[in-house]
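Have a look at the structure below, then the notes.
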Amino acid sequence: MARRRTRRRTTNRNNYNEPNKNREIAVTVLKWIGEIAAVCFLAFLVIYFAGQTLTIRGESLEDTFYDGDVVLVNKLIYRIQEPKQYDMVVFRTDSGGEDSNHYFIKRIVATPGDTVIIEDGVLKVNGEELSAFPAFSEIKNPGLASEEITLGEDEYFVLGDNCNNSEDSRVASVGNIKKENMIGKVQFKLYHKKG
0 MARRRTRRRT TNRNNYNEPN KNREIAVTVL KWIGEIAAVC FLAFLVIYFA GQTLTIRGES
60 LEDTFYDGDV VLVNKLIYRI QEPKQYDMVV FRTDSGGEDS NHYFIKRIVA TPGDTVIIED
120 GVLKVNGEEL SAFPAFSEIK NPGLASEEIT LGEDEYFVLG DNCNNSEDSR VASVGNIKKE
180 NMIGKVQFKL YHKKG
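Numbered according to numbering that gives the first Met the number 0, the sequence shown spans residues 0 to 194.
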């Protein structure tokens, strides 16, 4: 008896899976694009609401920052914590004059309740010489700090790192800084202007 050959119908699994693979790849790519877009959007929101870039103008912060340097300012930090001694802060003045239209960047040297005096060119906070920054030694003009100043509950005393070429808390137009006038803390230098 002759055997009848039957042909089995075979389906090419590769052909069946090809559209599924393409769909999976497309879904994966779309997920990646969505995740990247979400991260970029969040980064934009954080920088817009929580950060700001500023360009340094003048020589009052040398040798820390130079004219033309661009710094990143953290605008959220002082909603979470109090400003600290040695923080580099961005602020506006209370003077109401022309100075209130632009930002100042200076370093906090004394915080609420501290006493400040500059005697014989030396900055003293709470009676102790402040020598953390060499620029604060041999201060030629003590200004308002020629007599002891006691900072109020919400007052900070600031100096430029290049204090012999700085308009800061020693000058009546700037004076003691209130926390409510602080824009934020300088986090770091983004780039240095080549001179």
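All C-beta atoms in this analysis are idealised placements derived from N, C-alpha and C, irrespective of residue type, glycine included. Note that the coordinates shown come from a computational prediction; the quantities given were computed from them, not determined experimentally.
Anyone know if the C-beta pair for residue 185 and residue 70 falls short of 7 Å?
-> Yes, they are a contact pair.
Could you say which of 142, 139, 179, 136 lies nearest to residue 154 if we only look at CA atoms?
-> 179
Do the segment 158-167 and the segment 51-62 make contact, defined as three or more Cβ pairs closer than 8 Å?
-> The segment 158-167, when compared against the segment 51-62, does touch it at the 8 Å Cβ threshold.
So, using beta-carbon positions, are residue 135 and residue 150 closer together than 7 Å?
-> no
Residues near residue 54 by beta carbon distance below 6 Å, same chain, minus five either side = Within the same chain, residue 54 has close Cβ partners 69.
Taking the alpha helix (DSSP H) that residue 77 falls in, what are its first and last residues?
-> 76-79
Compare the C-alpha of residue 66 against each of 126, 104, 33 and name the closest.
-> 104
In the structure shown, what three-state DSSP assignment does residue 50 receive?
-> strand
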